[in-house]
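Below you'll find the structure, written out as structure tokens, and then a few comments.
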Amino acid sequence: AQSVAQPEDQVNVAEGNPLTVKCTYSVSGNPYLFWYVQYPNRGLQFLLKYITGDNLVKGSYGFEAEFNKSQTSFHLKKPSALVSDSALYFCAVSEDTGRRALTFGSGTRLQVQP
Amino acid sequence: DAGVIQSPRHEVTEMGQEVTLRCKPISGHNSLFWYRQTMMRGLELLIYFNNNVPIDDSGMPEDRFSAKMPNASFSTLKIQPSEPRDSAVYFCASIPRDRPYNEQFFGPGTRLTVL
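Protein sequence lines, in the order shown, are assigned to chains A and B.
What the first sequence shows, in my numbering, is residues 56 to 169, in sequence order.
What the second sequence shows, in my numbering, is residues 3 to 117, in sequence order.
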């Protein structure tokens with residue numbers, strides 16, 4: 056069965072500092088990993104995904120994520136946080152065997168302080 | 003493209019009433035997903051369709067919930083009778099083809115309040 060863990064309910068960071076939002080996953084087959092962002096009263100917006108290849112994936116708004124197969128992790132990163140990055144971030148996984156629909160983590164609220 | 007369209011955006015109803023939520027996926031997308039988001043349970047998949055056929059409905063909570071996709075451009079999620087614990091934000095999402103590596107495009111959601 057698929058599962059995703061986001062161990063931090065909230066991450067606080069000062070504007071201009073680097074940020075990391077953690078995600079670990081569990082699947083039976085090969086994972087496909089996603090990050091989505093949700094702003095208040097909005098639907099989820101796709102940020103980036105890992106399918107195969109280079110372990111460092113670059114996405115929208117300067118975000119990137121690193122796939123680590125041995126640690127089954129897919130942490131979201133940004134070198135310099137902006138106040139406008141404050142939102143709810145979801146990690147999600149699917150796989151090419153078994154259940155093919157996305158399984159989402161519980162979400163991490165990112166708060167960037169000016 | 004207008005993106006995924008959901009209606010209504012807000013719905014307030016009384017316990018026992020029937021509720022119908024509507025979704026129009028992005029034109030040309032073949033797979034459609036219904037999710038429910040609550041504080042307690044987070045974001046959970048209710049059901050998904052591929053080419054208008056339900057593929058996985060294991061997340062539908064109980065018989066009070068039903069979903070249909072009569073054609074490629076329209077889907078409904080119905081709750082009958084509604085209960086206060088059904089209060090949540092319901093999202094619809096679509097993807098171009100039923101591939102696990104395709105990112106999903108989400109609608110703005112319907113906020114349902116059952117009194």
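Just so it is clear, CB atoms sit at the ideal spot from N, CA and C, and this is done for glycine as well.
Which of the three DSSP states, helix, strand or coil, is assigned to residue i?
| i | result |
| --- | --- |
| residue 6/B | coil |
| residue 58/B | strand |
| residue 82/A | coil |
| residue 86/B | helix |
| residue 108/A | coil |
| residue 44/B | strand |
| residue 58/A | strand |
| residue 50/B | strand |
| residue 91/A | strand |
| residue 92/B | strand |
| residue 116/A | helix |
| residue 139/A | helix |
| residue 127/A | coil |
Do you know how far the Cα of residue j is from the Cα of residue i?
| i | j | result |
| --- | --- | --- |
| residue 119/B | residue 44/B | Examination of residue 119/B is not possible in this model, given that chain B is present from 3 through 117 alone. |
| residue 116/B | residue 96/A | 18 Å |
| residue 139/A | residue 63/A | 20 Å |
Give a yes or no on whether 8 Å exceeds the smallest Cβ distance from residue i to chain B.
| i | result |
| --- | --- |
| residue 128/A | no |
| residue 97/A | yes |
| residue 144/A | no |
| residue 162/A | yes |
| residue 87/A | yes |
| residue 165/A | no |
| residue 101/A | yes |
| residue 151/A | yes |
| residue 159/A | yes |
| residue 156/A | yes |
| residue 132/A | no |
| residue 104/A | yes |
Rounded C-beta distance between residue i and residue j? I'm assuming under 8 Å.
| i | j | result |
| --- | --- | --- |
| residue 109/B | residue 98/A | 5 Å |
| residue 14/B | residue 107/B | Between residue 107/B and residue 14/B the Cβ distance is about 27 Å, and since that is not below 8 Å, they are no contact. |
Would you say residue i reaches chain A, if we count a Cβ-Cβ gap shorter than 8 Å as a contact?
| i | result |
| --- | --- |
| residue 58/B | yes |
| residue 102/B | yes |
| residue 63/B | no |
| residue 110/B | yes |
Output needed in chain order: residues of the segment 18-50 of chain B with a Cβ under 7 Å from some Cβ in chain A. Result list: 35, 44, 45, 47, 50.
Return the residues of the segment 7-18 of chain B that lie within a Cβ-Cβ distance of less than 7 Å from chain A, sorted by chain order. Within the segment 7-18 of chain B, no residue places its CB atom closer than 7 Å to a CB of chain A.
To be precise: take each residue of the segment 60-94 of chain B, compare its Cβ to all Cβ atoms of chain A, and keep it if any distance is under 7 Å. Which residues remain? Answer in chain order: 93.
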